[in-house]
Amino acid sequence: MQMLMVLYVYIPFYTDSIIIILQQNHSRETEGWLYAVQTLRNAITAQTFLASTVLSLLTLITGKVWDILRSASSKWERRLLIIQLLSISATMLFSANQFLQGVRLMTHLGFMFPVKNDSKVDNIMRKTESCQWLGLRAMYLSLAPIAWVIGGSRAFFATSLALISFFRQLDKKPDGLGYEEFQASYI
Numbered sequence: 002m003q004m005l006m007v008l009y010v011y012i013p014f015y016t017d018s019i020i021i022i023l024q025q026n027h028s029r030e031t032e033g034w035l036y037a038v039q040t041l042r043n044a045i046t047a048q049t050f051l052a053s054t055v056l057s058l059l060t061l062i063t064g065k066v067w068d069i070l071r072s073a074s075s076k077w078e079r080r081l082l083i084i085q086l087l088s089i090s091a092t093m094l095f096s097a098n099q100f101l102q103g104v105r106l107m108t109h110l111g112f113m114f115p116v117k118n119d120s121k122v123d124n125i126m127r128k129t130e131s132c133q134w135l136g137l138r139a140m141y142l143s144l145a146p147i148a149w150v151i152g153g154s155r156a157f158f159a160t161s162l163a164l165i166s167f168f169r170q171l172d173k174k175p176d177g178l179g180y181e182e183f184q185a186s187y188i
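Take any residue in the sequence shown, count from 1 to its spot, add 1: that is its number in our numbering.
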């Protein structure tokens with residue numbers, strides 16, 4: 002359990018599913034299910050919040066773009082706004098879908114890991130990690146089409162460059178915290 006606290010303190014962008022796998026393995030050894038279930042509940046709450054936030058933002062953006070679309074004068078301007086709205090909608094709906102798939106998998110997992118002792122539970126947790134990862138990336142990528150609507154093609158380009166820089170910073174392996182040994186033990 003001390004290793005788990007180190008991961009919480011020193012790796013702020015560490016996903017909840019890896020922490021739940023650690024707690025699940027600790028729970029198998031000690032029969033202390035309380036921490037694992039609480040962390041699972043917290044992860045479900047977080048992903049549900051993210052999905053509802055993305056859908057709420059999509060509703061607001063769609064309403065604003067719809068008002069702009071109704072007041073557009075030329076046919077070319079309307080088509081461009083429709084393409085922009087579709088690109089925003091596609092990225093945000095994909096993001097919400099991934100968050101909800103992660104919630105679905107974790108809900109099933111809550112019933113499985115007190116009774117299953119094999120790697121099936123670990124595989125499901127890795128799927129929820131992928132869902133969360135894809136949901137966050139799609140949510141971040143939706144900033145580019147939003148910038149396109151608000152500021153035009155130059156804002157789209159600037160936001161795209163900022164997102165590339167952001168993803169390069171975000172998607173690095175943690176250094177010196179035993180990440181390699183942890184990954185090797187679960188492969």
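By construction, the Cβ of each residue, glycine as well, lies at the ideal position given by its N, Cα and C atoms.
### Query
Could you give the distance in angstroms between the alpha-carbon of F215 and the alpha-carbon of A139?
Nothing can be reported for residue 215: it is not among the residues displayed for the chain, which extend from 2 to 188.
### Message
Only counting the same chain, and skipping five residues up and downstream in sequence, which positions put a Cβ closer than 7 Å to that of I62?
### Response
I89 and I147
#### Entry: Same chain only: Cβ atoms within 6 Å of G111, ignoring 5 sequence neighbours per side
L41
### Task
Please report the residue range of the alpha helix (DSSP H) in which K173 lies.
Looking at the DSSP string, K173 is not in any alpha helix (DSSP H), and its letter there is neither H nor E.
### Query
DSSP state of T73, grouped into three classes?
Looking at the sequence shown, residue 73 is not Thr but Ala. A73: coil per DSSP, three-state reduction.
### Query
Which of helix, strand or coil does DSSP assign to S120?
coil
### Task
Specify the secondary structure class of S143 as computed by DSSP and reduced to three states.
coil
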